[in-house]
Every structure is written in structure tokens, then in C-alpha cells.
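Note that the sequence shown ends on residue 216 in my numbering; no numbers are left out.
Structure, as C-alpha cells:
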Amino acid sequence: MTPSTEAAVLKIAAVLWVIWGLVHLLAGVIVLSSDATGGVQAIADAVPPETLVLDYPAAAGGIIHQHGWNLGWFGVATVIGALFVWRGNLTAIWVTGMVGGLADIGYLLFLDLPGFVHFFPGTVMTFVSGSAIVLSFAVWFRRRGQAAV
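Now the structure itself:
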């Protein structure tokens, strides 16, 4: 892989991270601006909404809003990380991959595989983050023994 190809691959990965980050920031805002029922319905969109209408205890609402907060900061962190990935920063490849990748592993295990969510946008975002990780780590593995770029 030539240096110009590596730069192009990192730019593609960075764009994927920006998309992923903005979708998660939006999801966080939606959950935070909703009551507990609306937050659960926004996340578990494959579950019939009428089955999720409950009188949630205040603590459950707090947990749901904390999830919205996490969605938001995951999004912001990956957008910031994407700027550094775009510039070829090897540390940013790791940090952004960990934030986005670990968030999506949790999503895959606890929401996607049990069937609580639709394919779009959640599952698609898992493919987006996975693609960004594969692309950026391909460059990371090639550059890891070189001086910082």
C-alpha cells in the first residue's frame, strides 16, 4: 500500500466515523429529550411501541437517559477522533476504534442479536464502524513500526 493509498484509506475511515458519530449523537439527543418510554421506544424500534408504554420508575428513566448521554458522547468522541484519523494519527485509530467498536459490540450483543432493533439505522451503523475499524487498522498495522506521521 503506497502512502497516498494509505492516506485515502484513512480518509474513507474518517468519513465513516463521522457518519457513525453524527448518527449516535442524534440518537443520544433523541433519547435525552424523551421521557423514559420515548427513549426505550426510540432505541428498541423493532419492538411494538405499545408493549413499551409503561410507568417506568424514576431510576429506570435515569438509566435510559444515561444511555442517551453515552450515545451522545460516543458520537462526539468519534467525530473528534475522525479528524485525527483523517490526519493519519495512529493513536486516534486505536482510541476511535475502541470507543465506536466497543459501543457497537454492546449494541450487537444486547439489542441487535436479540432482535429488538431494525436493520436501519442501528445494524447498518455496526457495519459502518466495522468497516472504519478494518480500513484504519490495515494502515495502522503497516505503519506501527514507523515514526509518527
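Each residue gets a CB set at the ideal place from its N, CA and C atoms; glycine is no exception.
These numbers were taken from a predicted model, which means no experiment stands behind them.
- The C-beta distance from Leu89 to Gly142 rounds to 6 Å, short enough to fall under 8 Å.
- For Gly164, same chain residues with a beta-carbon under 6 Å away, outside a window of 5 residues either side, are Ile200 in chain order.
- Non-local beta-carbon contacts of Tyr174 in its own chain, meaning distances under 7 Å to residues more than five positions away in sequence, involve Gly189, Thr193 in chain order.
- Between Trp87 and Leu157 a beta carbon distance of about 20 Å is seen, past the 8 Å cut, so the two are scored as non-contacting.
- Counting only unbroken stretches of 4 or more residues, the alpha helix (DSSP H) elements lying wholly within the segment 124-175 are 125-153, 157-174, in sequence order.
- Taking the Cβ atoms as the reference, Ile110 lies roughly 13 Å from Val96, outside the contact range of under 8 Å.
- By the CB criterion at 8 Å, Ala103 and Gly135 fall outside the cutoff.
- The Cβ neighbour count for Ala126, taken over all protein chains shown within 10 Å, is under 16; the residue is labelled exposed.
- Gln108 sits close to Leu119, with the two beta carbons spaced by under 8 Å.
- Here Lys78 is near Trp153, since their CB atoms are less than 8 Å apart.
- Within the same chain, and ignoring the five residues on either side of Ser198 in sequence, the residues whose Cβ sits closer than 8 Å to its Cβ are Ala80, Leu83.
- The beta-carbon distance between Val184 and Ala113, rounded to whole angstroms, is 5 Å. This is short enough to meet the 8 Å contact definition.
- By a beta-carbon distance limit of 8 Å, Val85 contacts Val146. Their separation comes to about 6 Å.
- For the pair Ala159 and Asp122, the Cα-to-Cα distance works out to about 42 Å.
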